[in-house]
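These notes are about the structure you will find just below.
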């Protein structure tokens, strides 16, 4: 029934669209677009590009939007820091401290000068308390699925209104037995000069390195770590704002850009709270050549209000199917860059203790 309501609403919207306008009347001058996210990291990157005014022609394929000749002033607590460039990107060296006030001014020939400001927040510690296996109802597939549920606890600061994002990082450890042919053996068709074989355990490596091929190759163990950021299924976690059924019927979704799951402390102000984050078993599967069990870690980002509003505005655009189809108005992307477009948003990230799946969960 709800599907029919959605279709009926769409028909009414289409039927009401009778006005026409000249797109060239919306033309504006190109503006500088600045994006920068200062944190405790050693390097802060500053992107400066230009906007493309609306026109019938639109953006040309391959059109370079970078503004490499921009003059940038970067200040921390009123003191300038040197802005470096490699010819294509701008960056500043040195970490920031919680409470640092960051200001950016940028100018370039042919564009209006722009400015923006943010404050770097303090990290909010988070603890990964458990990983358990459970079942949830997947609204996308409309069926129950097995998931790993990570329980992670943090305490929201009581004296302020705070904004967050959460991600799960899974570390996969790939073992490789790397061997070079003994120098006294000929390099012929039977033996390669250099070999690499995946191994899943110390025992498997020792067999190759000390028994199986020791007469031919000198081996060493190389351990490579790869990271994945799986989708979090938000069902059952109120802070991640699951949509009501009627929202879904009217073309709204609950996807998060780049697996960056934002939320505010409106429901938990000043409290200690445990997030319940669901990851599908499929997304958490280990590679067949994993050297040791994968480690799960929860990353909690403490965001400035500007950073949060920017990401939320991007999510709102991506999740509005009606607007994407031209049947309703798109909200503009949030910006705090005066005179231009873009975002200067500070953040601090806290990483939980790593945890592996126990034998029963595997």
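In the working numbering, the protein residues as written are 6 to 367. Idealized CB from N, CA, C, for every residue including glycine.
Original post:
Cα separation between residue 79 and residue 142?
Top reply: Just so you know, the alpha carbons of residue 79 and residue 142 end up roughly 49 Å apart.
Original post:
What do you reckon, are the CB atoms on residue 153 and residue 136 nearer than 7 Å?
Top reply: For residue 153 and residue 136, yes; Cβs fall inside 7 Å.
Original post:
Should residue 123 and residue 350 be called a contact, given that it needs their Cβ atoms to be closer than 7 Å?
Top reply: Closer than 7 Å, so yes.
**OP:** Can you say whether residue 177 is buried or exposed, counting buried as having 16 or more other CB atoms within 10 angstroms of its CB?
**Re:** So residue 177 counts as buried.
**OP:** Check residue 52 in the structure and name its three-state DSSP category.
**Re:** In the three-state reduction of the DSSP assignment, residue 52 falls in the strand class.
Subject >> Straight-line Cα distance separating residue 316 from residue 269 >> reply: For the pair residue 269 and residue 316, the Cα-to-Cα distance works out to about 12 Å.
Original post:
Between the C-alpha atoms of residue 139 and residue 150, what's the straight-line distance to the nearest angstrom?
Top reply: If I take the Cα positions, the gap works out to 8 Å.
**OP:** Would you be able to state if there are at least three C-beta pairs under 8 Å between the segment 198 to 208 and the segment 231 to 242?
**Re:** No: fewer than three Cβ pairs fall under 8 Å.
Original post:
If you compare alpha carbons, which of 111, 302 and 102 is closest to residue 126?
Top reply: Closest option to residue 126, Cα to Cα, is 102.
Original post:
Which residue spans inside the segment 58 to 134 form an unbroken beta strand (DSSP E) run of at least 3?
Top reply: Assignment of beta strand (DSSP E) within the segment 58 to 134, counting only whole runs of 3 or more residues, yields 76 to 81, 84 to 86, 95 to 98, 106 to 112 and 119 to 124 in chain order.
Subject >> Close-in-space but distant-in-sequence residues of the same chain around residue 73 (CB under 7 Å, 5 per side omitted) >> reply: Excluding residues within five positions, the ones whose Cβ falls inside 7 Å are 92 and 93.
Original post:
Would DSSP call residue 198 helix, strand or coil?
Top reply: In the structure shown, residue 198 sits in coil (DSSP, three-state: anything other than H, G, I, E or B).
**OP:** Report the option in 214, 229, 156 and 209 whose CA atom is closest to the CA atom of residue 187.
**Re:** Nearest C-alpha to residue 187: 214.
Original post:
In chain order, what residues of the same chain have a beta carbon less than 8 Å from the beta carbon of residue 299, not counting five sequence neighbours either side?
Top reply: The beta carbon of residue 299 is closer than 8 Å to those of 175, 176, 177, 178, 289, 291, 361 and 362 in its chain, skipping five residues each way along the sequence.
Subject >> Straight-line Cα distance separating residue 304 from residue 156 >> reply: So the alpha carbons of these two residues sit roughly 12 Å apart.
**OP:** Can you give me the Cβ contacts of residue 347 inside the same chain, cut-off strictly under 7 Å, excluding the 5 residues immediately before and after it?
**Re:** 38, 39, 40 and 340.
Original post:
If you run the structure through DSSP and keep just helix, strand and coil, what is residue 232?
Top reply: Strand at residue 232.
Original post:
Helix, strand or coil: which one does DSSP assign to residue 211?
Top reply: In the three-state DSSP reduction, residue 211 falls in the helix class (H, G or I).
Subject >> residue 118 to residue 54 span [Cα, whole Å] >> reply: Between the C-alpha atoms of residue 118 and residue 54 there is a straight-line separation of about 13 Å.
Original post:
Would a C-beta distance cut-off of 7 Å place residue 170 and residue 96 closer than the cut-off?
Top reply: Between residue 170 and residue 96, the C-beta gap is not smaller than 7 Å, which leaves the two residues out of contact.
Original post:
Where do the ends of the beta strand (DSSP E) carrying residue 281 lie?
Top reply: In the DSSP annotation of this structure, the continuous segment of the beta strand (DSSP E) that includes residue 281 starts and ends at 277 to 285.
**OP:** Please say whether residue 312 and residue 368 have beta carbons closer to each other than 7 Å?
**Re:** Nothing about residue 368 can be reported from this structure: the residues present for the chain run from 6 to 367 only.
**OP:** Label residue 302 either buried or exposed according to how many other C-beta atoms from any shown protein chain fall within 10 Å of its C-beta, with 16 as the threshold for buried.
**Re:** That one is buried.
Original post:
Given that a residue counts as buried once 16 or more other Cβ atoms are within 10 Å of its Cβ, and exposed if not, what is residue 98?
Top reply: Classified as exposed, residue 98 has fewer than 16 neighbouring CB atoms from the shown chains inside 10 Å of its CB.
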